[in-house]
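Student: Top to bottom, those sequences are chains A and B.
Going by the numbering used here, the letters in the first sequence line up with residues 5 to 206, in that order.
Going by the numbering used here, the letters in the second sequence line up with residues 5 to 206, in that order.
I am attaching a structure below and will ask some questions about it afterwards.
Protein chains: 2
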Amino acid sequence: MISAPANIVSARTRLLEAARDMIRARGFSATSVDEICRAAGVTKGAFFHHFPSKEALGVAAAQFWTETTGALFAAAPYHGPADPLDRVLAYIDFRSLLLDGDPAAFTCLAGTLVQETFGSSDPIRAACEASIFGHAATLEADIALAMAQHGVTGTSARSLALHTQAVLQGGFILAKAAGGPAIARESAAHLRRYFELLFNRE
Amino acid sequence: MISAPANIVSARTRLLEAARDMIRARGFSATSVDEICRAAGVTKGAFFHHFPSKEALGVAAAQFWTETTGALFAAAPYHGPADPLDRVLAYIDFRSLLLDGDPAAFTCLAGTLVQETFGSSDPIRAACEASIFGHAATLEADIALAMAQHGVTGTSARSLALHTQAVLQGGFILAKAAGGPAIARESAAHLRRYFELLFNRE
DNA sequence: TGACACATACCGACTAGTTGGTATGTTTTT
DNA sequence: AAAAACATACCAACTAGTCGGTATGTGTCA
């Protein structure tokens with residue numbers, strides 16, 4: 005069983021990459037199937053060979069986003085520190101480092117997509133929920149360890165993990181409104197300070 | 005010179021209200037001019053009499069949002085407490101109280117709108133920026149007073165005010181993804197705790 | 001008072017182009 | 001040979017926006 009050669013990207017993947025880039029820049033509704041095909045260098049017949057509908061592409065794009073970002077964060081350097089709280093703070097610093105350049109390049113596909121589709125497509129909404137909440141879940145173990153170690157109570161690791169995502173998603177919106185990532189980085193700094201205060205880290 | 009009677013809402017206002025509701029539920033691109041007209045009980049000719057383009061309606065809708073929410077927050081009870089920090093905490097509690105029911109009913113028009121349009125329409129983007137940043141500015145005075153009173157340094161009132169907006173906007177996205185406001189309220193609670201810790205409020 | 005000029009608000013049929021999706025092929029791979 | 005991966009041509013519905021026309025004022029001047 006041999007999969008596609010690494011240097012030749014399949015039409016399906018090219019469509020998903022084009023959709024990912026265009027949806028982040030313009031949103032889902034404003035991105036037409038024809039434009040995605042043109043950007044991917046693929047005909048419409050091929051599009052509907054791989055995806056039964058535009059909605060199905062939306063679901064697949066969210067899942068593709070989950071996979072690619074999952075691999076990125078799994079390989080990221082913030083897992084290095086021995087202390088769990090240090091790992092959580094390193095995660096925030098890593099996310100802050102990514103906030104650079106054009107908002108369309110650093111913002112979250114799932115967050116953008118769910119804003120438009122939460123009321124009109126439950127399959128897309130569910131795929132975005134899985135992406136955001138699934139990523140938050142990867143932080144829970146370290147947060148739980150840090151909470152036990154520092155005796156933090158009054159909340160849960162899950163709640164704190166989801167709060168980090170809320171701060172980041174909100175930063176994306178402010179960055180889009182302001183036309184640059186500076187405010188999003190400030191918000192990430194406030195999130196870091198919250199963790200430092202909550203965990204008594206000087 | 006007599007203006008329109010208070011009980012008869014003008015066609016222009018009905019269009020803006022319909023647009024506000026539909027954009028919050030489905031997004032800007034997915035909302036057609038025809039649908040807005042139908043919901044407002046107004047013909048297409050009347051629409052283009054009041055707005056030269058759909059983009060102009062987007063700008064007007066953001067400004068209308070700024071005006072109506074501005075009046076709502078100006079009249080809200082959180083300005084009551086004598087202590088500035090209490091007023092800031094009361095603001096967060098007030099925002100948390102609003103997080104109830106259907107996401108389309110409590111989420112921010114400007115945040116939703118700017119996500120889709122930041123790259124394609126600078127007039128709309130600027131109107132959304134003015135709405136979000138203008139609202140944040142109404143918090144700055146109280147935050148600055150509280151910072152001076154409690155000797156808080158290392159950040160600015162403006163930065164903290166914008167962080168509150170980031171947390172709320174991010175909460176909206178998580179609420180849309182999850183299908184309910186519970187997580188958004190938890191995030192608001194974390195924001196409150198951040199202020200309590202930062203200002204040494206037990 | 002009444003006639004005329006002008007402005008505002010509105011109507012709904014129409015247009016040029018786009019939309020997601022389909023039907024019917026042809027080529028490539030296994 | 002057969003199935004998967006495309007390509008081409010096409011369609012009905014919908015898109016934002018236009019256009020000629022109407023109804024109802026409002027101010028001006030004889």
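Cβ atoms here follow ideal geometry from the backbone N, Cα and C, with glycine treated the same way.
So that I know if they touch, is there some Cβ in chain A lying closer than 8 Å to that of B:A181?
Tutor: yes
Student: Using CA atoms only, rank isn't needed, just tell me which of A:R189, A:R162, A:C41, A:G175 is closest to A:G138.
Tutor: A:R162
Student: Beta-carbon within less than 7 Å of B:A10's beta-carbon, same chain only, minus the 5 sequence neighbours each way: which residues are those?
Tutor: With a pLDDT of 32 at B:A10, under the threshold of 50, the predicted position of this residue should be treated as unreliable, and no value is reported.
Student: How long is the line joining the alpha carbons of B:I177 and B:C41, rounded to whole angstroms?
Tutor: 28 Å
Student: Return the CA-CA distance between A:G184 and A:D97, expressed in angstroms with no decimal places.
Tutor: Rounded to the nearest angstrom, the gap between the Cα atoms of A:G184 and A:D97 is 18 Å.
Student: Flag this pair as touching only if the region 55-65 of chain B and the region 126-141 of chain B have three or more C-beta atom pairs under 8 Å; answer yes or no.
Tutor: Touching, yes, given that three or more Cβ pairs across the two stretches are closer than 8 Å.
Student: Alpha carbon to alpha carbon, what distance is there between B:A44 and B:E21?
Tutor: 8 Å
Student: Would you identify the three-state DSSP class for A:C112, choosing helix, strand or coil?
Tutor: Here A:C112 sits in coil by DSSP.
Student: Indicate whether at least one CB of chain A lies closer than 8 Å to the CB of B:H54.
Tutor: no
Student: How many angstroms separate the CA atom of B:I136 from the CA atom of B:R16?
Tutor: 23 Å
Student: Please state whether the Cβ-Cβ distance between A:Q119 and B:T116 is less than 8 Å.
Tutor: yes
Student: Following the continuous alpha helix (DSSP H) through B:G31, name the residue where it begins and the one where it ends.
Tutor: Taken as a continuous stretch (DSSP letters only), B:G31 belongs to no alpha helix (DSSP H), as it is neither H nor E.
Student: What does the Cβ neighbour count give for A:V13, buried or exposed, with the cut at 16 atoms within 10 Å?
Tutor: With fewer than 16 Cβ atoms within 10 Å of its Cβ, A:V13 is classed as exposed.
Student: Using Cβ-Cβ distances below 7 Å, what residues of the region 98-117 of chain B are close to chain A?
Tutor: Listed in chain order, the positions of the region 98-117 of chain B with a beta carbon within less than 7 Å of a beta carbon of chain A are P107, A108, G115, T116.
Student: What residue does the alpha helix (DSSP H) around A:F203 start on, and which one ends it?
Tutor: Here A:F203 belongs to no alpha helix (DSSP H), and DSSP marks it neither H nor E.
Student: Let's test the definition: count the other Cβ atoms within 10 Å of the Cβ of A:K48 and tell me whether it reaches 16, buried, or not, exposed.
Tutor: exposed
Student: So with CB distances below 7 Å, who are the chain B contacts of A:E21?
Tutor: Here the premise fails: no neighbours, minimum Cβ distance about 18 Å.
Student: Counting only C-beta atoms, is B:F122 closer than 8 Å to chain A at any point?
Tutor: Interface residue, yes.
Student: Which class does B:V46 belong to by DSSP, given the choice of helix, strand or coil?
Tutor: coil
Student: Counting beta carbon pairs with one atom in the region 142-156 of chain A and one in the region 73-89 of chain A, are three or more of them shorter than 8 Å?
Tutor: yes
Student: What do you reckon, is the C-beta of A:W69 under 7 Å from a heavy atom of the ligand ADP?
Tutor: The model depicted lacks the ligand ADP and carries no ligand whatsoever.
Student: At the 8 Å Cβ level, is A:Q173 part of the contact set with chain B, yes or no?
Tutor: yes
Student: If you run the structure through DSSP and keep just helix, strand and coil, what is B:N11?
Tutor: Note that B:N11 scores a pLDDT of 37, beneath 50, so its modelled location is shaky; the value from the coordinates is reported in the next line. B:N11 falls in the coil class under three-state DSSP.
Student: Please list the terminal residues of the continuous alpha helix (DSSP H) segment that includes A:V156.
Tutor: No alpha helix (DSSP H) holds A:V156; DSSP gives it neither H nor E.
Student: If we cut at 8 Å on Cβ distances, does B:I139 have a partner in chain A?
Tutor: The residue you asked about is not Ile; residue 139 of chain B is His in the sequence shown. Not closer than 8 Å to any Cβ of chain A, the Cβ of B:H139 fails to qualify, so no.
Student: Are B:S191 and A:A66 close, meaning C-beta to C-beta below 8 Å?
Tutor: Their beta carbons are not under 8 Å apart, which means B:S191 does not touch A:A66 by this criterion.
Student: So which of A:L202, A:L164, A:C132 has the shortest CA-CA distance to A:H154?
Tutor: Ranking A:L202, A:L164, A:C132 by Cα distance to A:H154 puts A:L202 first.
Student: Since A:A188 contacts A:L103 with CB under 8 Å, what's their CB separation in whole angstroms?
Tutor: 5 Å
Student: Please report the distance separating the alpha-carbon of B:G105 from that of A:L93.
Tutor: It is roughly 34 Å from the alpha-carbon of B:G105 to the alpha-carbon of A:L93.
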